[in-house]
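Peer 1: Mind the numbering: the sequence shown is residues 2 to 945 in our numbering, read in order. Where a beta carbon is used, it is the ideal one built from N, C-alpha and C, also for glycine. Before I ask anything, let me first share the structure, which is written out below as structure tokens.
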Amino acid sequence: MQTSPDRHEYPAHWEADVVLRDGGTARIRPITVDDADRLVSFYEQVSDESKYYRFFAPYPRLSAKDVHRFTHHDFVDRVGLAATVGGEFIATVRYDRIGADGTPASAPADEAEVAFLVQDAHQGRGVASALLEHIGAVARERGIRRFAAEVLPANTKMIKVFTDAGYTQKRSFEDGVVRLEFDLEPTDRSLAVQYAREHRAEARSVQRLLAPGSVAVIGAGRTPGGVGRSVLGNIQDAGYTGRLYAVNKALPEEQKELDGVPAHRSVRDIDGPVDLAVVAVPAEHVPEVVTECGEHGVQGLVVVSAGYAESGPEGRERQRALVRHARTYGMRIIGPNAFGIINTSPRVRLNASLAPEVPRPGRIGLFAQSGAIGIALLSRLHRRGGGVTGVTGVSTFVSSGNRADVSGNDVLQYWYEDPDTDVVLMYLESIGNPRKFTRLARRTAAAKPLVVVQGARHAAAPQGHAVRATRLSHETVSALLRQAGVIRVDTITELVDAGLLLARQPLPPGPRVAILGNSESLGLLTYDACLAEGLRPHPPQDLTTAASAADFHAALSRALADDRCDAVVVTAIPAVGEGSIGDAALAQALSSASAAAPAKPVLVVHVELGGLAEALSAAASTAPQAAADADDVPQPAPTGRRPPAPEAKVDAEAPEDAHLIPAYPAAERAVRALGQAVTYAQWRRDAADPGKVPEYDDIQEKGAAELIGGLLARGQGLTLGTDETCDLLGHYGIQVHRALPAPTPDAAVEAARTLGYPVALKATAPHLRHRADLGGVRLDLADEDQLRRSYAELTELFGTPEELRPVVQRMAPRGVDVVVRAVIDPAAGAVLSFGLAGAASQLLGDTAHRLIPVTDREATSLVRSIRTAPLLFGWRGSAPADTRALEELLLRVSRLVDDHPEVVAVTLEPVVVASHGLSVLGASVRLAPPPVRDDLGPRTLPAY
């Protein structure tokens, strides 16, 4: 692409791929002198009406002068952007900087006129809205703060583009023209509009992939076997409701079918639209296939072909080229190296994957970055015997492979509003955009449970995954996900355990658990497991091994009716003898009692009862069952749950959305799943009132900004000195105790006289700093003699004063030593961390984290979320610490970092929290130009 001959070089960083309202993609890039022919061709395809709206007069064609003007830009005062599909323009936007009199101007003028033109065939796709976001970001970068636009009153679509953008604006009408003026500074409303548009577009793009009206399998072999032929057979066997085609360029000219499916040598030969193409050809042939699909108008690709980034540097470049190529035609990609996708909806019934069996229809959305893990998850959810048993089905399944394009974020956008999905399970080996994932996870978790297990926790992400650099540990990322409402589990087993409970049972209203069953020992194991998970179990109720189905029904009914009970765990062991209880009878008894009290969850722990789990899955009907010992079990009234469509039945006995009871083979697994549900339910209740970020009258935000600006003028990044640190923190009401250097004993004495006794003497050398356990600190020195003696001891033990770097500090009131840190991570954003000071907390990793800005309720929970929190609340008779002062300190640090993103790191260590008030004894601050925040910029897909 030719570089502009004017003042600035071609701004390649303005190029971006965007998802449009209908789920397709477009490329946005600056217009250059090389685009003259494209511009003329584009203009010829615009209707006369649209031309009239653009130029306020009939304007059938562009003159040579117009073409020159619209393709020659300096990328500062005159900028033009184009949206392209297939390399051709579908829309353009430009701005021209103007002065106060409305004539062309240069900086420092900060206003510009903006105008759009969208090809009629692409109007209504959200192209103009996307272009407005990008041209607005470009203008802000070039020092323009306000746009003006003149629009004919009849051009209601363009007026709506401007008014719906969410910017602060004003409107006037003069000489038959509507004049709109609006500030370009993002507002809460403009960001909300942007996020809503992003959600609709990305959800629609995934919906087009998961519910296509027609599918072509490219690479379906002529003989049985092979990946392509297997996928074709799986689609057929699932009963796909749309049109299916087989494509293989090696087919003989005369062959028109393959396994009864219309067969073609190329996608181009298909007479009709193709919504989705499953690509199963060798990697070297994929570019040709992508071109054919793009030219035929295919909307999306599932690339199961391997040989991309997972294979090394050469494959990584091949993968980048694949994504760029597909996006040129507006197509989205699942893969490459993908296992495939499944949609069990009776309206679709699509199994475009390598899974030979379609999972039962259900209400669990399943996402796996690994094909092997995807197979394992589908298998566990499908089978009825062993492990966690019973029938719970899948709504949709996506295995993203290398997730070069479509990622977990996109699928979350879809599942958030998908009426067929109630629970989301995700296996992630990497999180490409943690900041966005956290935002989407918080929104999703507020509506439906989101359970995540992350692989590669202690190793680098798989080769095929593009991952943003982060300085945060896995534990920190996990804590931030939990803050967003994500149910974090450690294993695939726990993922399925939690998913089955959440898909089948209501959320527990609290942590109080009733335990009942026919085994005292199993009840005690369950009781201990509840305590270990932080639940509040009642003493187990032993029904004895002689208990009948009626006994179980009566005991469960009583427990569910008890206001002091929030959930029930039923334990069952096999009984022998002539009058022993039958599996079907017990299952019906438990299901009947549970259905009569549907507001509380019920779980079953069974030991060697293979038939009970299946019976529990089947015992969903409220009609009487032909089973022994159940004749006198009362039948509950209908619960009012909507009946499923006939096609949505799991099997002949159990509709999927019936009130099923999950069964677990071990008490620990059942209770762990219950504990996760209790924690999530509490998060849901807390999320309804997240609190607020408080205002403090003594915060001097403007003064801090001026100080930061002056300090950064010295260089790109710097760690502040002691005085500068104290000054900056003081602007936010954070006072730091002075520490005076003591290079000699006499200097130490002089410092103590200045500060006043009693004092502390500390070594600040890096290997001794904040390590009181190593003996580098002397406290409560009441006079000069004690100070000199302590000084001599330190130098004798640890070396010369030059090595020790001793300081003297006035003693603070006794209390609990804590550490407060804040850091801006390039991937996750600003994070506030808190923990107790000392080596023990560091070794145990006992640190809690929250995303900034922190609300008052989050600060309260942050203080209480570490394991050593009891030390702050009067543990073993000690005086309780002033946690309100501590929470205020956390909120002030959060405000500082949120208000000034140039503050990239803050450490307050130690902070001594006394019974009344606190003392900050050490502080450090680092400044740097703030990292780019792509969540505040225009919508874009990850760059390739």
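According to DSSP, what are the bridge partners of residue 799?
Peer 2: Bridge partners of residue 799: none, in fact.
Peer 1: Does the stretch 296–309 touch the stretch 268–283, meaning 3 or more C-beta pairs lie closer than 8 Å?
Peer 2: Contact holds: three or more Cβ-Cβ distances are below 8 Å.
Peer 1: Excluding the 5 residues preceding and the 5 following residue 366 in the sequence, name in chain order all residues of the same chain whose CB lies nearer than 6 Å to its CB.
Peer 2: If we look at residue 366 and ignore the five residues flanking it on each side, its Cβ neighbours are 396, 397, 416, 422, 425.
Peer 1: Can you tell me whether DSSP reads residue 350 as helix, strand or coil?
Peer 2: Of the three classes helix, strand and coil, the one that applies to residue 350 here is coil, per DSSP.
Peer 1: Pick out whichever of 376, 209, 185 has its Cα sitting closest to the Cα of residue 144.
Peer 2: Checked all of 376, 209, 185; the closest Cα to residue 144 is 185.
Peer 1: Mark residue 875 as exposed unless 16 or more other C-beta atoms lie within 10 angstroms of its C-beta, in which case mark it buried.
Peer 2: So residue 875 counts as exposed.
Peer 1: Got a sec? Which residues, its chain only, sit under 8 Å from residue 790 by beta carbon, not counting five neighbours each side?
Peer 2: For residue 790, where only same-chain residues beyond five positions count, there are no Cβ hits under 8 Å.
Peer 1: Within 10 angstroms of its Cβ, does residue 328 collect 16 or more other Cβ (buried), or is it exposed?
Peer 2: The residue is buried, with at least 16 neighbouring Cβ atoms inside 10 Å.
Peer 1: Report buried or exposed for residue 90, applying the criterion of at least 16 other Cβ atoms within 10 angstroms of its Cβ.
Peer 2: Flag for residue 90 reads buried.
Peer 1: Give me whichever residues DSSP pairs with residue 94 in a beta bridge.
Peer 2: Per DSSP, 82, 117.
Peer 1: So is residue 34 in contact with chain C if we call contact Cβ pairs under 9 Å?
Peer 2: Included in the structure is just one protein chain, with no chain C present.
Peer 1: Would residue 733 and residue 762 be called neighbours here (beta carbons separated by less than 9 Å)?
Peer 2: In this structure, residue 762 does not lie closer than 9 Å to residue 733 by Cβ.
Peer 1: Select from 269, 246, 41 the residue whose C-alpha is nearest the C-alpha of residue 259.
Peer 2: Nearest of 269, 246, 41 to residue 259, Cα basis: 246.
Peer 1: When DSSP labels each residue in this structure, what does residue 629 get in the three-state scheme?
Peer 2: Any reading at residue 629 needs caution, since the residue's pLDDT is 37, under 50, leaving its predicted position unreliable; the model's value is listed next. If DSSP states are grouped into helix, strand and coil, residue 629 belongs with coil.
Peer 1: Is residue 500 near residue 443, with beta carbons less than 9 Å apart?
Peer 2: In this structure, residue 443 does not lie closer than 9 Å to residue 500 by Cβ.
Peer 1: What's the call for residue 178, buried or exposed, on a 16-neighbour Cβ count within 10 Å?
Peer 2: So residue 178 counts as exposed.
Peer 1: Looking at C-alpha atoms only, which residue of 172, 941, 446, 55 is the closest neighbour of residue 685?
Peer 2: Comparing Cα-Cα distances from residue 685 to each of 172, 941, 446, 55, the minimum goes to 446.
Peer 1: Taking the alpha helix (DSSP H) that residue 195 belongs to, which residues open and close that run?
Peer 2: Where residue 195 is concerned, the enclosing alpha helix (DSSP H) stretches over 189–211.
Peer 1: Please report how far the alpha carbon of residue 32 lies from the alpha carbon of residue 17, in whole angstroms.
Peer 2: One C-alpha to the other measures close to 13 Å.
Peer 1: Check the DSSP bridge columns for residue 677 and list the partner residues they point to.
Peer 2: None; residue 677 has no bridge partner.
Peer 1: Let me check one thing: in DSSP terms, what residues is residue 105 bridge-paired to?
Peer 2: Note: residue 105 sits in a beta bridge opposite 99.
Peer 1: So, under 8 Å CB-CB, residue 252 and residue 223 are touching, yes? Tell me the CB distance rounded to an integer number of Å.
Peer 2: Confirmed, about 7 Å.
Peer 1: What number of angstroms, rounded off, separates the C-alpha of residue 676 from the C-alpha of residue 596?
Peer 2: If I take the Cα positions, the gap works out to 22 Å.
Peer 1: Using a 10 Å radius around the Cβ and a threshold of 16 neighbouring Cβ atoms, would you call residue 370 buried or exposed?
Peer 2: With 16 or more Cβ atoms within 10 Å of its Cβ, residue 370 is classed as buried.
Peer 1: Going by alpha carbons, who is nearest to residue 208 out of 333, 138, 312?
Peer 2: Of the candidates 333, 138, 312, the one whose C-alpha sits nearest the C-alpha of residue 208 is 333.
Peer 1: Start and end of the alpha helix (DSSP H) containing residue 488?
Peer 2: Looking at the DSSP string, residue 488 is not in any alpha helix (DSSP H); the run it does join, the beta strand (DSSP E), is 488–490.
Peer 1: Since residue 344 sits in a beta bridge, which residues does DSSP pair it with?
Peer 2: The partner list for residue 344 (beta bridge, DSSP) reads 351, 397.
Peer 1: Measuring straight from C-alpha to C-alpha, what distance separates residue 818 and residue 926?
Peer 2: Their Cα atoms are separated by approximately 19 Å.
Peer 1: Return yes when the Cβ of residue 320 is within less than 9 Å of the Cβ of residue 309, no when it is not.
Peer 2: Yes, the pair counts as a contact, with Cβ atoms nearer than the cut-off.
Peer 1: Hey, residue 890 and residue 824 are a contact pair by Cβ (cut 8 Å); roughly how many whole angstroms apart?
Peer 2: About 17 Å separates the two Cβ atoms, so there is no contact after all.
Peer 1: DSSP on residue 555, reduced to helix/strand/coil?
Peer 2: In this structure, residue 555 counts as helix in the three-state DSSP scheme.
Peer 1: Between the Cα of residue 992 and the Cα atoms of 488, 131, 437, 781, which residue gives the shortest distance?
Peer 2: This structure leaves residue 992 out entirely; the chain is present only between 2 and 945.
Peer 1: By DSSP, does residue 112 sit in helix, in strand, or in coil?
Peer 2: Three-state DSSP puts residue 112 in a strand.
Peer 1: List, from N- to C-terminal side, the alpha helix (DSSP H) runs of 4 residues or more that fit wholly inside the stretch 31–71.
Peer 2: Within the stretch 31–71, the complete alpha helix (DSSP H) runs of at least 4 residues are 37–45, 49–56.
Peer 1: Given the structure, does residue 559 come close to the ligand ZN, in the sense that its CB is under 8 Å from one of the ligand's heavy atoms?
Peer 2: Looking for the ligand ZN in the displayed structure turns up nothing, as the structure carries no ligands at all.
Peer 1: Between residue 361 and residue 915, what straight-line distance do the alpha-carbon atoms span, to the nearest angstrom?
Peer 2: Their Cα atoms are separated by approximately 59 Å.
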